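Below you'll find the structure, written out as structure tokens, and then a few comments.
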Amino acid sequence: RLGSHTKTIQDSQLVNSNSTLAKRILQLLQYVGYWRIKHIPMEDNRVADSLVKMSTDKDHNVQVFE
Numbered sequence: 398r399l400g401s402h403t404k405t406i407q408d409s410q411l412v413n414s415n416s417t418l419a420k421r422i423l424q425l426l427q428y429v430g431y432w433r434i435k436h437i438p439m440e441d442n443r444v445a446d447s448l449v450k451m452s453t454d455k456d457h458n459v460q461v462f463e
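FYI, the numbering for the sequence shown is 398 to 463, going by this note's numbering.
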């Protein structure tokens, strides 16, 4: 179910851009019955932060697949 938060996302400049990620997020939200966005501070989620850093670090041979 698309709620007011999705409407806000759809109206934002990010979605009006050519952002493939933003468009894919909107597609996924349309197929999920219930969803919630929750901010988790970087210091509380060190594993995800480390993975992001590794994926952007040229010294690591990390490949991301969709």
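For each residue, glycine too, the CB sits at the ideal point set by N, CA and C.
Since we're looking at a predicted model, the values are computed, not measured.
Own chain partners of residue i with C-beta closer than 8 Å, once the 5 adjacent residues on each side are dropped
i, result
"residue 439", "446"
Bounding residues of the alpha helix (DSSP H) (the contiguous stretch that carries residue i)
i, result
"residue 444", "443–453"
"residue 421", "417–428"
Cβ shell of residue i (< 7 Å), same chain only, five flanking positions each side left out
i, result
"residue 429", "none"
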